[in-house]
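One structure below.
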Amino acid sequence: MHGHRHPFFVRLTHWLAALALLTLLVTGAAILLSHPRFYWGETGNLNEEPLFTLPLPASRGSVPTGYGFVLADQNGWARSYHFLSAWLIAITGLFYVSLGVASRHVARKLVPNGPPPPGTYNNLQRVTYLLVVFAALPLMIWTGLAMSPAFVAAVPFTATLFGGQQSARTIHFFTTVFLAAFLLVHLVKVYQAGFRSHVTAMIFGTSKESQ
Amino acid sequence: MSTTRRNLIVTAASAAGVATAAKVAGANGLLAPDGYGQSLTYAAQRLATGHAPAREFDRSQISAKPYQNGKPPSQADYQRHVSEDFANWRLSIEGMVDRPLTLTVADIRAMPLSNQITHLACEEGWSYIAEWGGVRLSHLLEQAGTQAAAKYVIYFSVQASRWDSIDISEALQPQTIVAHRMNGAEIPTGFGAPLRMRVPRQLGYKSIKYMNRIVVAADLKSFRKGLGSGAAEAGYQWYAGI
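Chains A and B supply the protein sequences, listed in that same order. Residue 1359 in this note's numbering sits at position 121 of the first sequence, with consecutive numbering throughout. Residue 283 in this note's numbering sits at position 170 of the second sequence, with consecutive numbering throughout.
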């Protein structure tokens, strides 16, 4: 991104989103370990055949995992921080999308429009960023809310759209896998392109090396 | 205006805004007993979901194999109640009520029966659908003459660490019941016999099994550690609508 300057709102929302997503990922993994089995439809439990089981140890002795040990229960704090970071990512996302659309940042920098000018994101990067912001993250929030008994009481459609609350939980997991893969590729690419200059540019807007 | 001065004003205004929000939330009963971090979700869900009833399902959607999660109490006391078919089990309703009650299971079975086919989801991630039958908590509160200043209903199990509470609006919700029937029969011991709370708009841990005591109160501070539930004392969330 030589000669490119990240606007302030992009830098701010980037790091807030990074903090929220990292917390969501870690706490989500902790929550997952209490029941690393997935189902389809409305219901699923240890008496029912799972759609698939992750080959992980569990934090509950009742879950048959094949491992001879049970992990410590981390669900309490993990759930608290999961919901707090979900608020952070939702508010950050709304702020980014509003400013990004209003300032035409999204239209100019992210929407593919023929061969990209030199020094801007290529079309694969553009499509990926659009997918993350406008598909994966909204889907995460939607399927997350579909697991909330009170929210589903008020808006049953959040759960029924996917065929039930367990289906929503399974989609929540697969979307996490997509976002984790994105995060990994993103970090590798930033490393390849010059970690120091790119991180500096994302903090200060620009850096000596990147100009 | 200098940047420092502007920052100071913005900070002061934000602090005042947060303090006002906390005060308004507190005055409207929207603060969770286990902390401000939980209150954001609690207040938002309370305002967004109002009195929306939990989804009810068709009889054909009842789970063939519900999961009971844990064993019935092993104490000799509970085993004696089982062998007596719970003839000596009592449920007391006390606290901010005009007429404290002590009811037998037979008393409760004689009360108007309310049925529901609802989803029970555990915070761990598993769930099942079952039909529950019981008396509306609102009916019991009316019988006992709940006082106007009451804000919470606290309920206890014979299992010492199992107790919980809900706000009065959740308590008066018609689907909040003291259940004594499950899938067309008396509740099996593994699922909470003879009486369990059913709060279908919150996660399963709010639906306390083996219930023998209900207390009506204006605040939760005087109950054990003041967090409003055994789950919150164990690090979980008092409000379990999410």
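Don't be surprised by glycine CBs; every beta carbon is placed ideally from N, CA and C.
Could you tell me which chain B residues have their CB closer than 7 Å to the CB of E1280 (chain A), listed as they occur along the chain?
-> Q174, H232, I242
Whose CA, out of A:L1309, A:Q1363, A:P1350, A:W1278, lies closest to the CA of L1289 (chain A)?
-> A:W1278
Proximal chain A residues relative to E236 (chain B), where beta-carbon distance stays under 7 Å | Against chain A, the beta carbon of E236 (chain B) has neighbours under 7 Å at N1313, R1317, listed in chain order.
How about W245 (chain B): is its C-beta nearer than 8 Å to some C-beta of chain A?
-> no
Measuring alpha carbon to alpha carbon, tell me which of A:L1260, A:I1409, A:Q1363, A:I1329 ends up nearest K1427 (chain A).
-> A:Q1363
Based on the DSSP secondary-structure assignment, which residues constitute the bridge partners of M209 (chain B)?
-> None; M209 (chain B) has no bridge partner.
Cα separation between V195 (chain B) and R203 (chain B)?
-> 13 Å
For the beta strand (DSSP E) that T231 (chain B) lies in, which residues bound it at each end?
-> 227 to 234
Can you tell me the Cβ-Cβ gap for H1410 (chain A) and M1378 (chain A), rounded? I've got them flagged as a contact below 8 Å.
-> 7 Å
Between the C-alpha atoms of M1239 (chain A) and L1348 (chain A), what's the straight-line distance to the nearest angstrom?
-> The predicted position of M1239 (chain A) is uncertain, since its pLDDT is 43 and thus under 50; no value can be drawn from it.
Looking at Y349 (chain B) and E244 (chain B), is the spacing between their C-beta atoms short of 8 Å?
-> no
Closest Cβ-Cβ distance between W1325 (chain A) and chain B: below 8 Å?
-> So yes, W1325 (chain A) belongs to the interface.
Would the beta-carbon of A156 (chain B) fall within 8 Å of that of A129 (chain B)?
-> Taking 8 Å as the Cβ cut-off, A156 (chain B) and A129 (chain B) do not qualify as a contacting pair.
Would you say Q1430 (chain A) faces chain B, with C-beta separation under 8 Å as the test?
-> no
Which term fits L1332 (chain A), buried or exposed, when burial requires 16 or more other beta carbons within 10 angstroms of its beta carbon?
-> exposed
Of all Cβ atoms in chain B, is any one closer than 8 Å to the Cβ of F1372 (chain A)?
-> Chain B places no beta carbon closer than 8 Å to that of F1372 (chain A), leaving this residue out of the contacts.
Per DSSP, which one or two residues make a beta bridge with T215 (chain B)?
-> B:S205
Between A1392 (chain A) and chain B, is there a C-beta pair that is closer than 8 Å?
-> yes
How do the region 283 to 299 of chain B and the region 309 to 317 of chain B stand: do at least 3 beta-carbon pairs fall below 8 Å, yes or no?
-> The region 283 to 299 of chain B makes contact with the region 309 to 317 of chain B; the number of CB pairs closer than 8 Å reaches 3 or more.
F1395 (chain A), buried or exposed, once every other Cβ within 10 Å from all chains shown has been counted against 16 = exposed
DSSP-derived helix/strand/coil call for S240 (chain B) | strand
Flag this pair as touching only if the region 220 to 239 of chain B and the region 261 to 276 of chain B have three or more C-beta atom pairs under 8 Å; answer yes or no.
-> Three or more beta-carbon pairs separated by less than 8 Å are not found between the region 220 to 239 of chain B and the region 261 to 276 of chain B, which leaves the two stretches without contact.
Endpoints, the alpha helix (DSSP H) within which A1316 (chain A) is located | 1313 to 1340
If you measure from the beta carbon of P1376 (chain A) to each beta carbon in chain B, is any gap under 8 Å?
-> no
Could you name the residues of chain A that M313 (chain B) contacts, counting a contact when the two beta carbons are closer than 9 Å?
-> Strictly speaking, residue 313 (chain B) in this sequence is Pro, with Met absent from that position. Here the neighbours are P1387, A1391.
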